[in-house]
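Chemist: Sharing a structure below in structure tokens format, with a few things to ask.
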């Protein structure tokens, strides 16, 4: 197990008891809100793959991959370009339509598939993938622990699970208390892992991001685990 104990402790906001979501906050976690966000012509995300996906998947032999919460498809398109057969899953139909269009433009449509599903109720339905990833999903009420358990069901024996999210920090003080409480440390997700997973990485990795034109420091809570292969 690769551990890093130098991460920040959750702020008081994250440690306190949750307050009920406001109507506006609750809407932000629903498909209709994201369908509206993706309804215009403006690109929401950069289209570049997430840093921790590149860090980890670059060391793996390409196989089948599932990215849950794929948005406009940047990670899926990168995986397909690296030789993976990649499936992007999201609860927004408009987001998936954008992702499929971007895959077509990138010339990888023949190596990508799309699946409309809500991560909070996700079921693998018997499907298994060599890599299952999720980046920056932050369901309320500490829901990412259950989401991690659901995603683990889709990992094939010998395959990998990669879950990445924002670690709590002062960088996000502009968000509401409930939005900040939806963030997590990598170790917070460990109760969601089944017993047949070996934890490879559980740490907060520093990087920079640009917000409102300004570069700020953040930490990516990163959990990488491998499902035990079936004995020969």
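Numbering (the numbering used here), first residue to last: 297 to 528. The beta-carbon is built from N, C-alpha and C at its ideal position, and this holds for glycine as well. As the structure is a prediction and not an experimental result, all values here were calculated from the model.
#1: Please report the distance separating the alpha-carbon of residue 483 from that of residue 334.
#2: Would you mind giving the Cβ-Cβ distance between residue 455 and residue 381, rounded to the nearest angstrom? I have them listed as a contact below 8 Å.
#3: Sort 398, 377, 438 and 320 by Cα distance to residue 480 and report the nearest one.
#4: Can you list, in chain order, the residues of its chain with a C-beta nearer than 8 Å to that of residue 469? Leave out the 5 residues immediately preceding and following it.
#5: Just how far apart, CA to CA, sit residue 318 and residue 526?
#6: Helix, strand or coil for residue 470? Go by DSSP, reduced to three states.
#7: Shortest alpha-carbon distance to residue 389 belongs to which of 374, 517, 332 and 474?
#8: Apart from the five residues just before and just after residue 321, which ones in its own chain have a Cβ nearer than 8 Å to its Cβ?
#9: From residue 375 to residue 361, what distance separates their C-alpha atoms?
#10: Three-state secondary structure (DSSP) at residue 438?
#11: How about the region 415-428 and the region 440-453: do they share at least three Cβ pairs that are nearer than 8 Å?
#12: Thinking C-alpha only, which one of 431, 348, 370 and 377 is nearest residue 359?
#13: With H, G and I counted as helix, E and B as strand and the rest as coil, what does DSSP make of residue 309?
#14: Residue 517 and residue 462: beta carbons closer than 8 Å?
#15: Name the one or two DSSP bridge partners that residue 398 has.
#16: Give the list of continuous beta strand (DSSP E) stretches no shorter than 3 residues that lie fully inside the region 313-392.
#17: Over what stretch of residues does the beta strand (DSSP E) that includes residue 452 continue unbroken?
#18: Going along the chain, which residues of its own chain have a beta-carbon closer than 7 Å to the beta-carbon of residue 409, five neighbours each way excluded?
#19: Around the C-beta of residue 259, are 16 or more other C-beta atoms found within 10 angstroms, so that it is buried, or is it exposed?
#20: Would you give the residue range spanned by the beta strand (DSSP E) that residue 521 belongs to?
#21: Roughly how many angstroms lie between the CA atoms of residue 315 and residue 379, to the nearest whole one?
#22: Under a Cβ-count criterion, where at least 16 other Cβ atoms within 10 Å of its own Cβ denotes burial, should residue 339 be classed as buried or exposed?
#23: Buried or exposed, going by whether 16 or more other CB atoms sit within 10 Å of the CB of residue 444?
#24: Measure the Cβ-Cβ separation of residue 399 and residue 365 and say whether it is below 8 Å.
#25: For residue 426, does the three-state DSSP call read helix, strand or coil?
Modeler: By the coordinates alone:
#1: As a working note, residue 483 is residue 187 in the chain shown. As a working note, residue 334 is residue 38 in the chain shown. Taking the straight line joining both Cα atoms gives about 32 Å.
#2: Taking the chain shown and counting its residues from 1, one reaches residue 455 at position 159. Taking the chain shown and counting its residues from 1, one reaches residue 381 at position 85. Contact flag wrong, Cβ pair sits at about 13 Å.
#3: Within the chain shown, numbered from 1, the residue matching residue 480 stands at position 184. Cα-wise, what sits closest to residue 480 is 438.
#4: By one-based count along the chain shown, residue 469 stands at place 173. Contacts found: 476.
#5: If you number the chain shown from 1, residue 318 lands on position 22. If you number the chain shown from 1, residue 526 lands on position 230. Going from the Cα of residue 318 to the Cα of residue 526 covers about 46 Å.
#6: The residue labelled residue 470 in the question sits at position 174 within the chain shown. Residue 470: coil per DSSP, three-state reduction.
#7: On the chain shown, residue 389 is found 93 positions in, with the first residue counted as 1. Closest option to residue 389, Cα to Cα, is 332.
#8: As a working mapping, residue 321 is identified with position 25 in the chain shown. 436, 472, 474 and 475, listed in sequence order.
#9: Along the chain shown, read from residue 1 onward, the residue named residue 375 stands at position 79. Along the chain shown, read from residue 1 onward, the residue named residue 361 stands at position 65. Approximately 8 Å, taken between the alpha carbons.
#10: In the chain shown, the residue the question calls residue 438 occupies position 142. Correct three-state label for residue 438: coil.
#11: yes
#12: As a working mapping, residue 359 is identified with position 63 in the chain shown. Among 431, 348, 370 and 377, the Cα nearest to that of residue 359 belongs to 377.
#13: Here residue 309 refers to the residue found at position 13 of the chain shown. With a pLDDT of 40 at residue 309, under the threshold of 50, the modelled position of this residue cannot be trusted, and the question is left open.
#14: Start at 1 with the first residue of the chain shown, and residue 517 comes out as number 221. Start at 1 with the first residue of the chain shown, and residue 462 comes out as number 166. Yes, they are a contact pair.
#15: To locate residue 398, count along the chain shown from 1; it is residue 102. Answer is none; residue 398 lacks a bridge partner.
#16: 360-364 and 381-386
#17: As a working mapping, residue 452 is identified with position 156 in the chain shown. Segment 451-462, the beta strand (DSSP E) holding residue 452.
#18: Position 113 of the chain shown, counted from the start, is the residue given in the question as residue 409. Same-chain partners within the cutoff: 383.
#19: Because residue 259 is not part of the residues shown, which for the chain are 297 to 528, the question remains open.
#20: Residue mapping note: residue 521 aligns to position 225 of the chain shown, counting from 1. 510-523 is the span of the beta strand (DSSP E), which, as asked, contains residue 521.
#21: As a working note, residue 315 is residue 19 in the chain shown. As a working note, residue 379 is residue 83 in the chain shown. One C-alpha to the other measures close to 45 Å.
#22: In the chain shown, the residue the question calls residue 339 occupies position 43. The residue is exposed, with fewer than 16 neighbouring Cβ atoms inside 10 Å.
#23: Within the chain shown, residue 444 is the residue found at index 148, counting from 1. Flag for residue 444 reads buried.
#24: By 1-based counting over the chain shown, the position of residue 399 is 103. By 1-based counting over the chain shown, the position of residue 365 is 69. Taking 8 Å as the Cβ cut-off, residue 399 and residue 365 do not qualify as a contacting pair.
#25: Here residue 426 corresponds to residue number 130 of the chain shown, with the count starting at 1. Reduced to three states, the DSSP call for residue 426 is strand.
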